[in-house]
Amino acid sequence: MRWPLTPRQEQAIVRLLLLFLTALSIFILAFIIFFILRHGLPVLSWEFLVRNPREMGKEGGIFSTIIGTIVLIILALTLATPLGVGTAIFLTEYTPEGRLTRIIRFGSECLAGIPSIIFGLFGFILFVTKLKFGWSILSGSLTLAFMILPTIIRTSEEAIKFVPQAYREVSFSLGGTKWQTVSRVVLPSALPGIATGVILSIGRSIGETAAVIFTAGSALRIPDSLFSSTRTMSVHFYILAREGISLSKAYGTAAVLLISILSVNIFTYYLMNRFLRKYS
Amino acid sequence: MRGKENREKLIQLFLLTIALSAISILALISIFIFTEGLPIMFRHGFKKFLFSLDWYPSEGYFGLLPMIIGSLLVTAGAMVIGVPLGLAGAIYLTQFSSKKVRNLVKPMIELLAGIPSVVYGFIGVVILVPFVRENFGGPGFSVFTASIILGIMILPTILSISIDSLMALPPSYREGSIALGATQWQTVRMVLLPAARSGIIASLILGLGRAVGETMAVIMIAGNATALPRSILDPVRTLTSNIALEMGYVSGEHRQALFATGVILFIIIMILNTMANLTSKRMAS
Amino acid sequence: MEREIVIRVRDFSYYLGSQPILKKITLDVFRHEILSIIGPAGSGKSSFLRCLNRLNEIRAEARISGTIEINGHNIYSPEVSLTELRRKVGMVFALPVPLPRSIFENVAFGLRMAGIKDKKLIEERVIDSLKKVALWDEVKERLNSSALKLSGGQQQRLCIARVLAMRPEFILLDEPCSGLDPVSTMKIEESLMDLKKEYTIILVTNNTKQAARVSDRTAFFLSGELIEIDRTDRIFTAPQDKRTNDYISGRFG
Ligand SMILES: Nc1ncnc2c1ncn2[C@@H]1O[C@H](COP(=O)(O)OP(=O)(O)O)[C@@H](O)[C@H]1O
Ligand SMILES: [Mg+2]
Numbered sequence: 028m029r030w031p032l033t034p035r036q037e038q039a040i041v042r043l044l045l046l047f048l049t050a051l052s053i054f055i056l057a058f059i060i061f062f063i064l065r066h067g068l069p070v071l072s073w074e075f076l077v078r079n080p081r082e083m084g085k086e087g088g089i090f091s092t093i094i095g096t097i098v099l100i101i102l103a104l105t106l107a108t109p110l111g112v113g114t115a116i117f118l119t120e121y122t123p124e125g126r127l128t129r130i131i132r133f134g135s136e137c138l139a140g141i142p143s144i145i146f147g148l149f150g151f152i153l154f155v156t157k158l159k160f161g162w163s164i165l166s167g168s169l170t171l172a173f174m175i176l177p178t179i180i181r182t183s184e185e186a187i188k189f190v191p192q193a194y195r196e197v198s199f200s201l202g203g204t205k206w207q208t209v210s211r212v213v214l215p216s217a218l219p220g221i222a223t224g225v226i227l228s229i230g231r232s233i234g235e236t237a238a239v240i241f242t243a244g245s246a247l248r249i250p251d252s253l254f255s256s257t258r259t260m261s262v263h264f265y266i267l268a269r270e271g272i273s274l275s276k277a278y279g280t281a282a283v284l285l286i287s288i289l290s291v292n293i294f295t296y297y298l299m300n301r302f303l304r305k306y307s
Numbered sequence: 361m362r363g364k365e366n367r368e369k370l371i372q373l374f375l376l377t378i379a380l381s382a383i384s385i386l387a388l389i390s391i392f393i394f395t396e397g398l399p400i401m402f403r404h405g406f407k408k409f410l411f412s413l414d415w416y417p418s419e420g421y422f423g424l425l426p427m428i429i430g431s432l433l434v435t436a437g438a439m440v441i442g443v444p445l446g447l448a449g450a451i452y453l454t455q456f457s458s459k460k461v462r463n464l465v466k467p468m469i470e471l472l473a474g475i476p477s478v479v480y481g482f483i484g485v486v487i488l489v490p491f492v493r494e495n496f497g498g499p500g501f502s503v504f505t506a507s508i509i510l511g512i513m514i515l516p517t518i519l520s521i522s523i524d525s526l527m528a529l530p531p532s533y534r535e536g537s538i539a540l541g542a543t544q545w546q547t548v549r550m551v552l553l554p555a556a557r558s559g560i561i562a563s564l565i566l567g568l569g570r571a572v573g574e575t576m577a578v579i580m581i582a583g584n585a586t587a588l589p590r591s592i593l594d595p596v597r598t599l600t601s602n603i604a605l606e607m608g609y610v611s612g613e614h615r616q617a618l619f620a621t622g623v624i625l626f627i628i629i630m631i632l633n634t635m636a637n638l639t640s641k642r643m644a645s
Numbered sequence: 721m722e723r724e725i726v727i728r729v730r731d732f733s734y735y736l737g738s739q740p741i742l743k744k745i746t747l748d749v750f751r752h753e754i755l756s757i758i759g760p761a762g763s764g765k766s767s768f769l770r771c772l773n774r775l776n777e778i779r780a781e782a783r784i785s786g787t788i789e790i791n792g793h794n795i796y797s798p799e800v801s802l803t804e805l806r807r808k809v810g811m812v813f814a815l816p817v818p819l820p821r822s823i824f825e826n827v828a829f830g831l832r833m834a835g836i837k838d839k840k841l842i843e844e845r846v847i848d849s850l851k852k853v854a855l856w857d858e859v860k861e862r863l864n865s866s867a868l869k870l871s872g873g874q875q876q877r878l879c880i881a882r883v884l885a886m887r888p889e890f891i892l893l894d895e896p897c898s899g900l901d902p903v904s905t906m907k908i909e910e911s912l913m914d915l916k917k918e919y920t921i922i923l924v925t926n927n928t929k930q931a932a933r934v935s936d937r938t939a940f941f942l943s944g945e946l947i948e949i950d951r952t953d954r955i956f957t958a959p960q961d962k963r964t965n966d967y968i969s970g971r972f973g
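Protein chains in written order, with our numbering: chain B, 28 to 307; chain F, 361 to 645; chain V, 721 to 973.
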């Protein structure tokens, strides 16, 4: 090849380079999953899932951390879903685009950009110390709810916007009030899309560590009240790995984490596609 | 009928209150971080926080400069790794690959965006840290290691948003340029990339924000030393790690100093947010 | 023959922002007639219908001047209840819009929103309305299956039935047959002729032949203005305005 290259030659080289980089990216990401599952799946067993951890997690399973994760997420969703969906309804149905909607959207976008450690810091100072909830399910789920709120707002808003305008007009023309239109026509039609956002934030919550470890704590007992501290799977995994308690248990926990997050995300993807197909 | 209208008004008011929740939470977080973190900064002077190298909080030394530099280094490193990979992937998948491949790979990558950061950190510890230690020297826990892992972590973000903004361009751009005899690569370089600029920049800023804010993965692989690193193979501590590492057990001024760390982090993130917001505004118009 | 005027439109203008959509419209609608509105696309026919049940107000930047009286009451006066007005003035859209619910629930939808709980009454109304649009025999076996599964023509008749269930006084139809085949169109036209006995009907149509076939009077709109309104036979045989003549003889639009 002679210098300077012809555009065709240049294109061929660039194309090859791009292909290589793309393949590399995919390989790296796929490798991470493969690596975790390769070492983690052999550790998995029914016992691992339904036994409580013993000796700080060196022995036993991860049952209490599964429970902790589920409880925390359910509570966080119970709080964040109505807030998020309500905000989305207000933004799309109740107010014209203007300064107010811009402020609300800006707030939500900023909230989405705040790192989880800041949420952790905030939850720690407000819920754990100032309000004296201590390291507890309550503090953890409140913090988590604040964190996933923007995701739920954004996806709900998109889902609501996807509902054909004609549905609203039909409802109004049949004498429906605004709220009747929203509650009987718009929300039912947007439900699959809203569910997508909710499930998406479940996926995010499962993997969250920084915000949770400083608010829900890391107790290994099965929680018995809103005020008991609990340890989620991801926190457990972090502690196992960082303090070198047990590498094999860490792999096992990581595998459970990954499998649950990937299934949640695949399900989200499936839901979203179905929703989009329905309205386009 | 008046009853019905009053009910509608009430619902509207109720929804307005709910809609203000996000912005109120944002305000609440800012207030708490700032009221906890600012007083100590005033007491000891901002200069000491921003420009001093010594972090011995129990003895009243609150120099955050090493952590600020640490965050900058690690983030810059992450961008060096993540941006070329992400952009290359986005360009290849939108311009050179078949639609079938793209429709398979894009969702896959978006699924991978869900891998939790602790898992990335763990991969760093068990694979990359020993590898770096044996092949490049140093303790293995280093700026270099952290940059690679963070770069991989922000890859899905950059890739998926860049793909979206390249796909959003009207096909006429591309057809027009090809019709003028340009090669595909010339078209990409001279027409498509400039046209999709704001979207791509927004994706970079988002990736940047994610890298600056990442905590658990960085703690696991960056080594967390409070001294200034002299090479990229030296360990380093970021602002986020500084908070997370010490928050569990401290009180008094030391704890306030962690909130001061939070203040600095918060300000950096807010600047990034605003920038992302402005570029995506420009993208919309 | 003097007939009872039920809708009285006077100097009515409608703006979106600063753009005038309807300009000083003045016309009357008689009880139990079918009034057709014809005119090229963009002439303001749909906008006019939407002003009659105040559906235009969904848009924030809408503004009006002049008056529209229905049964002697100005519908734009502040004490008018929008929901009651819309129940009285039913509307059928160009494309059939069945809600994603069962056939039965589609027809019952307006009644439920009106707060009617009496199951017997709702069932009666649903059956009665479906019969009036000649849909009952086609769907009586599958009232609980989704309305989205009906054919286009059936869907549009369902939408008319949905309006009838509320026992309105007026039915506004906005190009109801534009997406339908000739057979379905004929069925709807037959229903309209039937419904005329009990309802006052305003039919916007892009099909001048349809106007000629079903309506008693016809109005011609052009660029937001009412050019001419008269008995249908006169509009189609001896229009007063050259533009009307041009339009019906197919010379533009
Ligand atoms: N949603 C809208 N936004 C802006 N202008 C509109 C909108 N709907 C209608 N118009 C304008 O109003 C005028 C009348 O439209 P329309 O009532 O739909 O006419 P027709 O039903 O006779 O085709 C048109 O010039 C159109 O440009
Ligand atoms: Mg129209």
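Even for Gly, the Cβ is constructed at its ideal location relative to N, Cα and C.
(Q) On the criterion of 16 or more Cβ atoms from any shown chain inside 10 Å, does V:Asn864 qualify as buried, or is it exposed? (A) The residue you call residue 864 of chain V lines up with position 144 of the third sequence. V:Asn864 is exposed by the Cβ-count criterion.
Q. Short check: CB of F:Ile624 to CB of F:Leu424, under 8 angstroms?
A. Within the second sequence, the letter at position 264 stands for residue 624 of chain F. Within the second sequence, the letter at position 64 stands for residue 424 of chain F. Cβ atoms of F:Ile624 and F:Leu424: closer than 8 angstroms.
**Q.** Contacts of V:Asn776 in chain B (Cβ-Cβ under 7 angstroms)
**A.** Within the third sequence, numbered from 1, the residue matching residue 776 of chain V stands at position 56. What V:Asn776 touches in chain B, judged by beta-carbon distance under 7 angstroms, is nothing: the nearest beta carbon there is about 11 angstroms away.
(Q) Within a Cβ cutoff of 7 angstroms, which residues of the same chain sit near F:Leu375, ignoring the five residues on either side of it in sequence? (A) Walking along the second sequence from the start, residue 375 of chain F turns up at place 15. So no residue of the chain qualifies.
Q: Find out if the Cβ-Cβ distance for the pair B:Ala243, B:Ser166 is shorter than 8 angstroms.
A: In the first sequence, counting from the first residue as 1, residue 243 of chain B sits at position 216. In the first sequence, counting from the first residue as 1, residue 166 of chain B sits at position 139. Going by C-beta atoms, B:Ala243 is nearer than 8 angstroms to B:Ser166.
(Q) Under 8 angstroms, Cβ to Cβ, is there at least one residue of chain B near V:Gly830? (A) The residue you call residue 830 of chain V lines up with position 110 of the third sequence. At least one chain B Cβ lies under 8 angstroms of V:Gly830.
**Q.** Beta-carbon neighbours of V:Met886, restricted to chain B and to distances below 9 angstroms
**A.** As a working mapping, residue 886 of chain V is identified with position 166 in the third sequence. Here the neighbours are Leu201, Gly202.
Q: Drop a sphere of 10 angstroms on the beta-carbon of V:Pro896, count the other beta-carbons inside from all chains shown, and report buried for 16 or more, exposed for fewer.
A: Taking the third sequence and counting its residues from 1, the one referred to as residue 896 of chain V is at position 176. Buried.
Q | Of the residues F:Leu488, F:Leu638, F:Ala562, F:Gly612, the one placed nearest B:Ile59, counting alpha carbons only | A | Walking along the first sequence from the start, residue 59 of chain B turns up at place 32. Of the candidates F:Leu488, F:Leu638, F:Ala562, F:Gly612, the residue whose Cα lies closest to the Cα of B:Ile59 is F:Leu488.
**Q.** Beta-carbon proximity check, V:Ala885 vs V:Ala828, cutoff 8 angstroms
**A.** As a first step, residue 885 of chain V must be located in the third sequence, where it is residue number 165. As a first step, residue 828 of chain V must be located in the third sequence, where it is residue number 108. Yes. Within cutoff.
Q. F:Ala448: which of F:Ile508, F:Leu553, F:Thr377, F:Glu419 sits nearest, CA to CA?
A. Position 88 of the second sequence, counting from 1, holds the residue named residue 448 of chain F. Among F:Ile508, F:Leu553, F:Thr377, F:Glu419, the Cα nearest to that of F:Ala448 belongs to F:Leu553.
Q.
Rounded to the nearest angstrom, what separates V:Gly973 and V:Thr938 at their Cα positions?
A. The residue labelled residue 973 of chain V in the question sits at position 253 within the third sequence. The residue labelled residue 938 of chain V in the question sits at position 218 within the third sequence. Unreliable placement is indicated for V:Gly973, whose pLDDT of 47 sits below 50; no coordinate value is reported for it.
Q) Residues bridged to V:Ala782 by DSSP? A) Mapped onto the third sequence, residue 782 of chain V falls at position 62. According to DSSP, V:Ala782 shares a beta bridge with V:Leu736.
Q) Which residues, in order along the segment 171–202 of chain B, keep a beta-carbon less than 8 angstroms from a beta-carbon of chain V? A) Going along the segment 171–202 of chain B in chain order, one finds Pro191, Ala193, Tyr194, Arg195, Glu196, Val197, Ser198, Phe199, Ser200, Leu201, Gly202 with a Cβ nearer than 8 angstroms to chain V.
Q) Looking at V:Ser766 and ligand 1, is the gap between the Cβ and the nearest heavy atom below 7 angstroms? A) Locating residue 766 of chain V in the third sequence gives position 46, counting from the first residue. The answer is yes for V:Ser766.
(Q) Would B:Lys205 pass as an interface residue toward chain F - the criterion being a Cβ-Cβ separation below 8 angstroms? (A) Stepping through the first sequence from its first residue, residue 205 of chain B is reached at position 178. Judged by the 8 angstroms Cβ criterion, B:Lys205 is in contact with chain F.
Q.
Looking at the secondary structure, which residues open and close the beta strand (DSSP E) in which V:Ile758 lies?
A. Counting from 1 along the third sequence, the entry for residue 758 of chain V is found at position 38. Here the beta strand (DSSP E) through V:Ile758 covers 754–758.
Q.
In the DSSP output, which residue or residues are listed as bridge partners for F:Tyr421?
A. The residue you call residue 421 of chain F lines up with position 61 of the second sequence. Per DSSP, F:Tyr416.
Q) How many angstroms separate the CA atom of V:Met721 from the CA atom of V:Glu781? A) As a first step, residue 721 of chain V is located in the third sequence; it is residue number 1 there, counting from the start. As a first step, residue 781 of chain V is located in the third sequence; it is residue number 61 there, counting from the start. Note that V:Met721 scores a pLDDT of 49, beneath 50, so its modelled location is shaky; the value from the coordinates is reported in the next line. Near 42 angstroms, if we compare the C-alpha coordinates of V:Glu781 and V:Met721.
(Q) When you compare the CB positions of F:Leu593 and F:Ser502, do they come within less than 8 angstroms of one another, or not? (A) By 1-based counting over the second sequence, the position of residue 593 of chain F is 233. By 1-based counting over the second sequence, the position of residue 502 of chain F is 142. Against a cut-off of 8 angstroms, the Cβ pair of F:Ser502 and F:Leu593 comes out as a contact.
Q. Whose CA, out of V:Asp901, V:Ser943, V:Gly944, V:Asp914, lies closest to the CA of V:Asn927?
A. Working through the third sequence from its first residue, we reach residue 927 of chain V at position 207. Considering only V:Asp901, V:Ser943, V:Gly944, V:Asp914, the residue with the shortest C-alpha distance to V:Asn927 is V:Asp901.
Q. Mapping DSSP to helix, strand and coil, what is V:Glu799?
A. Locating residue 799 of chain V in the third sequence gives position 79, where the first residue counts as 1. Coil at V:Glu799, not helix or strand.
(Q) Tell me which residue opens and which closes the alpha helix (DSSP H) that F:Ile514 is part of. (A) If you number the second sequence from 1, residue 514 of chain F lands on position 154. For F:Ile514, the uninterrupted alpha helix (DSSP H) segment begins and ends at 503–527.
Q: Name, going along the chain, the residues of the segment 606–632 of chain F whose beta-carbon falls closer than 8 angstroms to a beta-carbon of chain B.
A: Within the segment 606–632 of chain F, the qualifying residues are Met607, Gly608, Leu618, Phe619, Gly622, Leu625, Phe626, Ile629, Met630, Leu632.
Q.
Considering only heavy atoms of ligand 3, does any lie closer than 7 angstroms to the CB of V:Glu895?
A. In terms of ligand content, the structure shown lacks ligand 3 and carries ligand 1 and ligand 2 instead.
Q: For B:Ser255, I'd like the list of residues in its chain whose CB is within less than 8 angstroms of its CB, leaving aside the five on either flank, ordered along the chain.
A: Residue mapping note: residue 255 of chain B aligns to position 228 of the first sequence, counting from 1. For B:Ser255, where only same-chain residues beyond five positions count, the Cβ hits under 8 angstroms are Ser163, Ile164, Ala246, Arg248.
**Q.** Heavy atom of ligand 1 within 7 angstroms of V:Leu802 beta-carbon
**A.** Position 82 of the third sequence, counting from 1, holds the residue named residue 802 of chain V. No, the beta carbon of V:Leu802 sits no closer than 7 angstroms to any heavy atom of ligand 1.
Q | Separation of F:Met468 from B:Ala277, as counted between CA atoms | A | Along the first sequence, one-based indexing puts residue 277 of chain B at 250. Along the second sequence, one-based indexing puts residue 468 of chain F at 108. Roughly 25 angstroms between the two C-alpha positions.
Q) How is B:Thr108 classed by DSSP in three states: helix, strand or coil? A) Position 81 of the first sequence holds residue 108 of chain B. DSSP, read as helix, strand or coil, puts B:Thr108 in helix.
Q: Give me the Cα-Cα distance between V:Glu909 and V:Ile922, rounded to the nearest whole angstrom.
A: The count along the third sequence starts at 1 and reaches residue 909 of chain V at position 189. The count along the third sequence starts at 1 and reaches residue 922 of chain V at position 202. Each residue's CA atom was taken as its position, placing V:Glu909 and V:Ile922 some 13 angstroms apart.
Q | Start-to-end residues for the beta strand (DSSP E) that takes in V:Asp894 | A | Sequence index remark: in the third sequence, residue 894 of chain V carries index 174 (1-based). V:Asp894 -> beta strand (DSSP E) spans 890–894.
Q.
Could you give the first and the last residue of the continuous beta strand (DSSP E) run that contains V:Met811?
A. Against the third sequence, residue 811 of chain V aligns to sequence position 91. Following the DSSP letters along the chain, one finds V:Met811 inside the beta strand (DSSP E) bounded by residues 809–812.
Q.
Taking 7 angstroms as the cut-off, is the C-beta of B:Ser255 nearer than that to any heavy atom in ligand 1?
A. As a position in the first sequence, residue 255 of chain B is number 228, starting the count at 1. False, no ligand heavy atom lies under 7 angstroms from that Cβ.
Q: Starting from the beta carbon of B:Asn292, find every residue of chain F whose beta carbon is closer than 7 angstroms, and list them in chain order.
A: Sequence index remark: in the first sequence, residue 292 of chain B carries index 265 (1-based). Neighbours of B:Asn292 on chain F, chain order: Leu471, Gly474.
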